[in-house]
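Report on the following structure.
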């Protein structure tokens, strides 16, 4: 009986060493390669400002592709601001048109005033010219034997009157032209002020409309919906988590250096990451850090009776890769 117990003990020891040898042969052979596991980071999609859920297009477990709409949202406050800005733009555009019409009306009135001044000048000049002609006729017929001094004086006076009338008319026309120039200048200033308000309101409207479009949430990568935290018609506050997505492909790799493995790896070193179950699936990565000695994940434990520890090696891999999540991998 005692001999049988001793044999059982030695048999257990033999199995223990055989297990250790099997684990070492399976996972840790070779000094330049070591094992690891692929991981993915769950992404939470949050909202940036209060909104109302219009519609939810996904459910937990659903696979989504980049560009697929996940949630439709609307903001009553944002809609009110958009309507207010649109109304402001309508008012500014209406004011711009009214100002133009008013300018055209005032310019037409001033041009009419200029025509009246010109007509008055011409009428007065024409009247004086007739008087000159009449005086000449009378002088020729009645005062033929007298000197022409009186005639010359009279004609000179009338000529001076004509000249004075023309000068006065030119001054009046110049005054009207100044008013026209002032009106145009004021109009240009007012229009530029309105244009500035219109441009500012239009920019703000475009920004608000873009903000409204950005309320809707879309998938930016291939993944599986982990959780949906909201429902239609629900009022949600800013920074609320709406949906969590688990990427289809891993976002990082953690390798483990076990025992007397070659620990010459350095930060920034490029490595090859290959799937153990699907050797044709591989990608390149870069060592970004080292952790502590920890118990290997369960997926890497060959037997439950023997616990294996290893030094963590954190590896960054490209976002686009074909490796499955949570899979055992070989790192070289």
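In the UniProt record's numbering, the protein residues as written are 1 to 332. Even for Gly, the Cβ is constructed at its ideal location relative to N, Cα and C. All values reported here derive from a predicted model rather than from experimental measurement.
Other residues of its chain near residue i: CB distance less than 8 Å, five sequence neighbours each side excluded
{"i": "residue 328", "result": "35, 36, 37, 275, 276, 277, 299, 300"}
{"i": "residue 166", "result": "121, 125"}
{"i": "residue 97", "result": "none"}
{"i": "residue 169", "result": "117, 118, 120, 121"}
Proximity winner among the options, relative to residue i (alpha-carbon distances)
{"i": "residue 252", "options": "332, 40, 163", "result": "40"}
{"i": "residue 288", "options": "318, 44, 294", "result": "318"}
{"i": "residue 217", "options": "93, 240, 281", "result": "240"}
{"i": "residue 81", "options": "186, 159, 204", "result": "204"}
{"i": "residue 336", "options": "123, 215, 255", "result": "Shown here, the chain extends from 1 to 332; a query on residue 336 therefore has no answer."}
{"i": "residue 286", "options": "314, 264, 259", "result": "314"}
{"i": "residue 67", "options": "244, 215, 162, 219", "result": "219"}
{"i": "residue 284", "options": "263, 119, 101, 271", "result": "271"}
{"i": "residue 266", "options": "279, 114, 332, 201", "result": "332"}
{"i": "residue 95", "options": "187, 297, 325", "result": "187"}
{"i": "residue 109", "options": "177, 58, 159", "result": "177"}
{"i": "residue 279", "options": "321, 158, 330", "result": "330"}
{"i": "residue 193", "options": "73, 59, 93", "result": "93"}
{"i": "residue 33", "options": "137, 308, 264", "result": "264"}
{"i": "residue 52", "options": "282, 236, 170", "result": "236"}
{"i": "residue 201", "options": "105, 308, 86, 79", "result": "86"}
{"i": "residue 195", "options": "91, 309, 60, 77", "result": "91"}
{"i": "residue 60", "options": "242, 302, 281, 268", "result": "242"}
Where the beta strand (DSSP E) through residue i begins and ends
{"i": "residue 73", "result": "69-74"}
{"i": "residue 256", "result": "252-257"}
{"i": "residue 51", "result": "51-56"}
{"i": "residue 230", "result": "From DSSP, residue 230 is part of no beta strand (DSSP E); its letter is neither H nor E."}
{"i": "residue 312", "result": "309-316"}
{"i": "residue 42", "result": "Taken as a continuous stretch (DSSP letters only), residue 42 belongs to no beta strand (DSSP E), as it is neither H nor E."}
{"i": "residue 296", "result": "It is not in any beta strand (DSSP E) - residue 296 carries neither H nor E in the DSSP assignment."}
{"i": "residue 270", "result": "270-275"}
{"i": "residue 331", "result": "328-331"}
Straight-line gap, residue i to residue j (C-alpha atoms, nearest Å)
{"i": "residue 117", "j": "residue 207", "result": "54 Å"}
{"i": "residue 225", "j": "residue 69", "result": "12 Å"}
{"i": "residue 89", "j": "residue 63", "result": "44 Å"}
{"i": "residue 238", "j": "residue 50", "result": "5 Å"}
{"i": "residue 151", "j": "residue 132", "result": "Only weak support is given to the placement of residue 151: the predicted model assigns it a pLDDT of 49, under 50, and the value that follows is read from those uncertain coordinates. Roughly 10 Å separates the two Cα atoms."}
{"i": "residue 312", "j": "residue 291", "result": "5 Å"}
{"i": "residue 324", "j": "residue 258", "result": "23 Å"}
{"i": "residue 100", "j": "residue 112", "result": "18 Å"}
{"i": "residue 354", "j": "residue 75", "result": "The requested residue 354 does not occur in the structure, where the chain is confined to residues 1 to 332."}
{"i": "residue 46", "j": "residue 296", "result": "34 Å"}
{"i": "residue 115", "j": "residue 123", "result": "12 Å"}
{"i": "residue 249", "j": "residue 48", "result": "27 Å"}
{"i": "residue 175", "j": "residue 215", "result": "60 Å"}
{"i": "residue 160", "j": "residue 172", "result": "18 Å"}
{"i": "residue 43", "j": "residue 189", "result": "53 Å"}
{"i": "residue 326", "j": "residue 316", "result": "15 Å"}
{"i": "residue 58", "j": "residue 198", "result": "41 Å"}
{"i": "residue 244", "j": "residue 234", "result": "17 Å"}
{"i": "residue 273", "j": "residue 210", "result": "41 Å"}
{"i": "residue 164", "j": "residue 136", "result": "21 Å"}
{"i": "residue 156", "j": "residue 119", "result": "23 Å"}
{"i": "residue 269", "j": "residue 281", "result": "20 Å"}
{"i": "residue 222", "j": "residue 309", "result": "34 Å"}
Close-in-space but distant-in-sequence residues of the same chain around residue i (CB under 7 Å, 5 per side omitted)
{"i": "residue 107", "result": "180, 183"}
{"i": "residue 56", "result": "71, 228, 230, 231, 232"}
{"i": "residue 4", "result": "Because the pLDDT at residue 4 is just 48, under 50, the model does not fix this residue reliably, and the value given afterwards should be weighed accordingly. Cβ within range, chain order: n/a, list empty."}
{"i": "residue 158", "result": "128, 131, 132"}
{"i": "residue 191", "result": "96, 99"}
Under the three-state DSSP convention, the category residue i falls into
{"i": "residue 33", "result": "coil"}
{"i": "residue 189", "result": "helix"}
{"i": "residue 26", "result": "Because the pLDDT at residue 26 is just 48, under 50, the model does not fix this residue reliably, and the value given afterwards should be weighed accordingly. Reduced to three states, the DSSP call for residue 26 is helix."}
{"i": "residue 244", "result": "strand"}
{"i": "residue 114", "result": "helix"}
{"i": "residue 125", "result": "helix"}
{"i": "residue 95", "result": "helix"}
{"i": "residue 162", "result": "helix"}
{"i": "residue 220", "result": "coil"}
{"i": "residue 236", "result": "strand"}
{"i": "residue 59", "result": "coil"}
{"i": "residue 283", "result": "strand"}
{"i": "residue 137", "result": "helix"}
{"i": "residue 288", "result": "strand"}
{"i": "residue 64", "result": "strand"}
Test: residue i CB closer than 8 Å to a CB of chain D
{"i": "residue 268", "result": "Chain labels in this structure do not include chain D; a single protein chain is all it has."}
Close beta carbons around residue i, own chain, < 6 Å, minus the five adjacent residues each side
{"i": "residue 162", "result": "125, 128"}
{"i": "residue 321", "result": "249, 283"}
Residue i Cβ short of 7 Å to the ligand NAP heavy atom set
{"i": "residue 297", "result": "With respect to the ligand NAP, the structure offers nothing, as it holds no ligand at all."}
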